[in-house]
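Accompanying notes for the structure given below.
Residue numbers (my numbering), protein chains in the order written: chain U, 10 to 316; chain R, 225 to 579.
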């Protein structure tokens with residue numbers, strides 16, 4: 010009878026140690042990721058104006074009504090529309106840059122140097138992307154504007170302050186920045202395809218497009234899902250790039266959703282307070298909770314596909 | 225079997241080269257190579273312009289420069305005060321260099337300054353000339369604070385990565401194998417992190433940091449946010465811990481060793497590869513972060529990217545300083561990247577992908 014008893018205690022001991030090892034990071038994680046999510050729920054039911062507001066009253070669900078009504082609805086919808094368009098175009102670049110490059114590197118069996126250079130822009134900060142856009146496409150001093158004018162390709166220079174130019178140029182430069190990142194996602198999917206599978210399709214005389222459709226694509230679905238999640242969450246959270254583009258200095262083209270949320274919380278600090286803190290949290294929840302659920306579903310889907 | 229995320233450590237780390245079979249024709253390969261060469265060239269163009277523009281004076285920025293321009297000669301008729309404002313020149317530094325103790329009227333021209341204070345004109349000219357040529361770089365280094373910001377960022381990054389890696393390994397060591405239901409629950413809780421945008425929870429996080437933890441203007445605030453764990457670190461370390469052969473663990477147990485013995489004697493010493501993966505993916509994120517540094521630190525303590533934002537402004541007059549600031553904020557990370565490029569490549573191919 011002593012043997013199982015001893016086993017039991019070792020097992021219990023081990024569980025105890027596991028809890029001890031998991032606890033430090035889990036406390037931080039829950040405290041700084043899950044708790045913020047939970048405490049914003051009571052706050053969105055109040056009229057809390059800012060972080061130091063001491064006179065807080067319950068207002069029920071009126072914040073949820075407010076964000077859809079003038080004047081907040083103007084900010085909310087235009088920022089949202091801009092962000093949705095950005096997300097869509099970013100998603101196009103995920104494949105245009107990332108998948109194309111991954112396929113080229115894979116088929117050409119190229120590695121090292123190409124990879125290093127393509128991945129290089131990822132080292133540039135998001136804020137740097139914003140600055141770079143101004144440096145390249147500002148109407149008077151954009152280097153690419155000046156270059157294209159000199160070459161005679163361009164008659165009137167691009168103006169990055171023009172919302173329609175930003176709408177195209179930002180996803181393009183973001184695509185450039187994340188090209189290596191997305192390429193690596195797809196490449197690792199491609200590299201995990203068994204060589205025999207590819208060989209077999211060759212022997213069967215499948216054309217390249219057929220191979221792409223029936224061999225590669227099914228195998229890189231997990232990579233595509235991960236890239237989708239990153240693109241979705243990243244694009245909706247675009248903040249640093251917008252700050253670089255001068256979102257706080259009166260560039261309306263850079264008013265993305267994250268900027269609006271930020272201004273509702275910290276606007277006083279930069280002299281551009283809009284709405285209340287509680288309304289800002291409401292806005293963040295209304296947009297991001299569905300996104301989070303969608304992404305969480307995708308994570309689950311990806312897990313299931315892999316095993 | 226849910227522990228296959230990165231399970232065999234050797235598999236995701238295959239180099240790209242020579243792993244695929246295939247007989248791509250020579251013309252096709254040449255075509256692909258040409259395309260890639262053009263793409264990589266285009267990829268470097270923005271960096272090249274950033275470099276050149278760091279040397280282009282702001283007032284000359286409306287002209288196309290494909291290389292560092294020849295510096296224009298400083299006119300001795302320029303007004304002392306105007307120069308100081310425009311080029312952000314520290315007047316007290318000028319006085320120290322020239323050995324002047326008195327007050328300098330800002331409406332004086334450089335020529336008048338030289339005669340009034342008995343200075344050789346050449347010396348005054350040389351001092352200002354260097355400001356004009358390397359204005360952007362001077363502006364960011366002149367205040368003498370640039371290195372403080374760099375060191376602050378290095379400190380935050382190194383501490384966060386070391387502690388974050390250690391905590392991540394501790395998490396992974398316990399969860400490995402998912403022997404219990406709660407292991408899986410904790411794992412999924414961490415996975416949830418990739419679907420939570422920082423901006424979604426930034427307002428309540430700020431509330432907790434400043435009102436509950438009282439951590440305003442402390443590097444600790446940033447470190448806590450960087451080491452709190454997430455999908456990537458949990459995935460990398462859990463898979464690593466699961467890949468350790470059972471025999472190793474059993475032999476520790478037979479010798480009477482407990483779980484901590486196993487952790488410190490076996491898991492920790494062998495954790496170099498997962499740690500490198502974790503570090504190389506976390507470093508650019510931490511180094512380039514704007515939001516947390518901006519919110520939780522005062523301008524004197526800013527990490528590099530929030531610091532560079534200070535060179536831009538409502539009427540960003542000194543473009544050259546902005547570009548130089550960005551260039552010098554990026555260079556340290558670029559250097560690390562180029563030195564450890566193979567590691568970054570392996571990490572990118574292994575990291576979040578297989579989760």
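Quick reminder that beta carbons are idealized off the backbone N, C-alpha and C, glycines included. On a predicted model such as this, the values are computed, not experimentally measured, just so you know.
For a test of the three-state rule: what should DSSP assign to residue i, helix, strand or coil?
{"i": "residue 67 of chain U", "result": "strand"}
{"i": "residue 55 of chain U", "result": "strand"}
{"i": "residue 61 of chain U", "result": "coil"}
{"i": "residue 536 of chain R", "result": "coil"}
{"i": "residue 333 of chain R", "result": "strand"}
{"i": "residue 303 of chain R", "result": "strand"}
{"i": "residue 438 of chain R", "result": "coil"}
{"i": "residue 527 of chain R", "result": "coil"}
{"i": "residue 264 of chain U", "result": "coil"}
{"i": "residue 497 of chain R", "result": "helix"}
{"i": "residue 425 of chain R", "result": "coil"}
{"i": "residue 251 of chain R", "result": "helix"}
{"i": "residue 327 of chain R", "result": "coil"}
{"i": "residue 415 of chain R", "result": "helix"}
{"i": "residue 313 of chain U", "result": "helix"}
{"i": "residue 166 of chain U", "result": "coil"}
{"i": "residue 347 of chain R", "result": "helix"}
{"i": "residue 547 of chain R", "result": "helix"}
{"i": "residue 373 of chain R", "result": "helix"}
{"i": "residue 79 of chain U", "result": "coil"}
What is the C-beta distance between residue i and residue j, in whole angstroms, given that I count them as a contact (C-beta under 8 Å)?
{"i": "residue 269 of chain U", "j": "residue 427 of chain R", "result": "With a Cβ gap of about 12 Å, residue 269 of chain U and residue 427 of chain R do not count as contacting."}
{"i": "residue 322 of chain U", "j": "residue 182 of chain U", "result": "What is shown of chain U runs 10 to 316, which leaves residue 322 of chain U out entirely."}
{"i": "residue 168 of chain U", "j": "residue 286 of chain R", "result": "Wrong, their Cβ atoms sit about 14 Å apart, outside the cutoff."}
{"i": "residue 34 of chain U", "j": "residue 394 of chain R", "result": "7 Å"}
{"i": "residue 347 of chain R", "j": "residue 301 of chain R", "result": "Wrong, their Cβ atoms sit about 17 Å apart, outside the cutoff."}
{"i": "residue 246 of chain U", "j": "residue 422 of chain R", "result": "6 Å"}
So that I know if they touch, is there some Cβ in chain R lying closer than 8 Å to that of residue i?
{"i": "residue 140 of chain U", "result": "yes"}
{"i": "residue 125 of chain U", "result": "yes"}
{"i": "residue 44 of chain U", "result": "yes"}
{"i": "residue 48 of chain U", "result": "yes"}
{"i": "residue 104 of chain U", "result": "no"}
{"i": "residue 27 of chain U", "result": "yes"}
{"i": "residue 128 of chain U", "result": "yes"}
{"i": "residue 34 of chain U", "result": "yes"}
{"i": "residue 145 of chain U", "result": "yes"}
{"i": "residue 167 of chain U", "result": "no"}
{"i": "residue 170 of chain U", "result": "no"}
Return no unless some Cβ of chain U is closer than 8 Å to the Cβ of residue i.
{"i": "residue 544 of chain R", "result": "no"}
{"i": "residue 512 of chain R", "result": "yes"}
{"i": "residue 277 of chain R", "result": "yes"}
{"i": "residue 475 of chain R", "result": "no"}
{"i": "residue 489 of chain R", "result": "no"}
{"i": "residue 322 of chain R", "result": "no"}
{"i": "residue 410 of chain R", "result": "yes"}
{"i": "residue 569 of chain R", "result": "yes"}
{"i": "residue 253 of chain R", "result": "yes"}
{"i": "residue 449 of chain R", "result": "yes"}
{"i": "residue 521 of chain R", "result": "no"}
{"i": "residue 364 of chain R", "result": "no"}
{"i": "residue 532 of chain R", "result": "yes"}
Is residue i near the ligand ATP - that is, is its Cβ less than 7 Å away from at least one heavy atom of it?
{"i": "residue 488 of chain R", "result": "With respect to the ligand ATP, the structure offers nothing, as it holds no ligand at all."}
Can you give me the C-alpha to C-alpha distance between residue i and residue j, rounded to a whole angstrom?
{"i": "residue 341 of chain R", "j": "residue 376 of chain R", "result": "40 Å"}
{"i": "residue 224 of chain U", "j": "residue 206 of chain U", "result": "7 Å"}
{"i": "residue 248 of chain R", "j": "residue 301 of chain U", "result": "42 Å"}
{"i": "residue 242 of chain U", "j": "residue 100 of chain U", "result": "11 Å"}
{"i": "residue 114 of chain U", "j": "residue 120 of chain U", "result": "7 Å"}
{"i": "residue 362 of chain R", "j": "residue 355 of chain R", "result": "6 Å"}
{"i": "residue 227 of chain U", "j": "residue 219 of chain U", "result": "12 Å"}
{"i": "residue 86 of chain U", "j": "residue 559 of chain R", "result": "42 Å"}
{"i": "residue 36 of chain U", "j": "residue 307 of chain U", "result": "26 Å"}
{"i": "residue 213 of chain U", "j": "residue 199 of chain U", "result": "20 Å"}
{"i": "residue 186 of chain U", "j": "residue 269 of chain R", "result": "12 Å"}
{"i": "residue 317 of chain R", "j": "residue 526 of chain R", "result": "24 Å"}
{"i": "residue 64 of chain U", "j": "residue 283 of chain R", "result": "51 Å"}
{"i": "residue 261 of chain R", "j": "residue 549 of chain R", "result": "29 Å"}
Closer than 9 Å between beta carbons: that is the criterion. Which residues of the stretch 71 to 102 of chain U meet it against chain R? Those residues of the stretch 71 to 102 of chain U that come within reach of chain R (Cβ to Cβ, closer than 9 Å) do not exist; the list is empty.
Taking only beta carbons into account, state which residues of the stretch 414 to 428 of chain R come closer than 8 Å to chain U, listed in chain order. Those residues of the stretch 414 to 428 of chain R that come within reach of chain U (Cβ to Cβ, closer than 8 Å) are 414, 415, 416, 417, 418, 419, 420, 421, 422, 423, 424, 425, 426, 427 and 428.
Report the residues of the stretch 328 to 359 of chain R with a CB closer than 7 Å to any CB of chain U, ordered along the chain. For the stretch 328 to 359 of chain R, the set of positions with a beta-carbon nearer than 7 Å to some beta-carbon of chain U is empty.
Where the stretch 481 to 508 of chain R meets chain U: residues whose CB sits under 8 Å from a CB there: Listed in sequence order: 482, 483, 484, 487 and 508.
If the cut-off is 9 Å on Cβ atoms, which residues from the stretch 286 to 314 of chain R count as contacting chain U, listed in chain order? Cβ proximity to chain U below 9 Å picks out 286, 287, 288, 289 and 290 from the stretch 286 to 314 of chain R.
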